[in-house]
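S.K.:
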Amino acid sequence: VQLQASGGGLAQAGGSVRLSCLASGTIHDVSTMGWYRQAPGHQREMVAIAGSRGSENYADSVEGRSTVSRDKNGVYLQMTDLQPEDTAVYYCNVVMIDPVDFTWLEYWGQGTQVTVSS
632 VQLQASGGGL
642 AQAGGSVRLS
652 CLASGTIHDV
662 STMGWYRQAP
672 GHQREMVAIA
682 GSRGSENYAD
692 SVEGRSTVSR
702 DKNGVYLQMT
712 DLQPEDTAVY
722 YCNVVMIDPV
732 DFTWLEYWGQ
742 GTQVTVSS
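Using the numbering used here, the first residue of the sequence shown is number 632, and each one after it goes up by one.
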């Protein structure tokens with residue numbers, strides 16, 4: 632499975648960004664699809680997760696101004712009212728269940744930079 636993230640770039644505070652992550656390869660029994668981010672000097676943190684049954688979970692810092700969505704092609708993140716602290720590399724993530732041994736398989740995209748200027 633390969634994940635290709637896109638949509639990052641430079642934005643002004645108060646602006647918006649839409650990130651896309653397209654998945655290719657053998658995709659099956661997807662459990663969760665979502666986004667994480669890592670800012671310089673910080674650990675990678677969860678931003679938003681879309682579950683297989685329509686559930687959505689958001690980090691407190693983006694709750695109310697972000698929407699995660701998924702379809703058979705990938706996972707997407709819409710963020711509005713961007714703040715300088717949203718500056719980070721954003722990584723998409725997919726967790727699947729191996730149909731043979733039922734172990735968890737986790738995949739990461741290559742990351743896309745989002746920079747928010749004040």
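We put the CB at the ideal spot given by N, CA and C, even for glycine.
Is alanine 654 buried or exposed, if buried means 16 or more other CB atoms sit within 10 Å of its CB?
M.R.: Classification of alanine 654: buried, given that the 10 Å Cβ count is 16 or more.
S.K.: Give the C-beta separation of leucine 634 and cysteine 652 to the nearest angstrom, bearing in mind that I take them to be a contact with Cβ-Cβ under 8 Å.
M.R.: About 5 Å separates the two Cβ atoms, so the contact holds.
S.K.: In chain order, what residues of the same chain lie with their CB nearer than 8 Å to the CB of serine 683, ignoring the 5 residues before and after it?
M.R.: Val661, Ser662 and Thr663
S.K.: Give the single residue among Arg675, His659 and Gly665 whose Cα lies nearest to the Cα of tyrosine 707.
M.R.: Gly665
S.K.: Along the beta strand (DSSP E) that carries glutamine 661, what are the first and last residues, could you check?
M.R.: Checking the sequence shown, residue 661 turns out to be valine, not glutamine. Valine 661 -> beta strand (DSSP E) spans 661-669.
S.K.: Given a threshold of 16 other Cβ atoms within 10 Å of its Cβ, counted over all protein chains shown, does aspartate 732 qualify as buried or as exposed?
M.R.: exposed
S.K.: Taking alanine 642 as part of the beta strand (DSSP E), name the residues at either end of that continuous run.
M.R.: Here the beta strand (DSSP E) through alanine 642 covers 640-643.
S.K.: Suppose you measure from the CA of valine 648 to the CA of threonine 734; what does that come to, to the nearest Å?
M.R.: 34 Å
S.K.: So if DSSP puts glycine 682 in a beta bridge, which residue, or which two residues, is it bridged to?
M.R.: Thr663
S.K.: Nearest by alpha-carbon distance to methionine 727: which of Val720, Tyr721 and Leu736 is it?
M.R.: Leu736
S.K.: Exposed or buried, threonine 657, counting other C-beta atoms within 10 Å across all chains shown (16 or more means buried)?
M.R.: A residue is called buried once 16 or more other Cβ atoms fall within 10 Å of its Cβ, and threonine 657, having fewer, is exposed.
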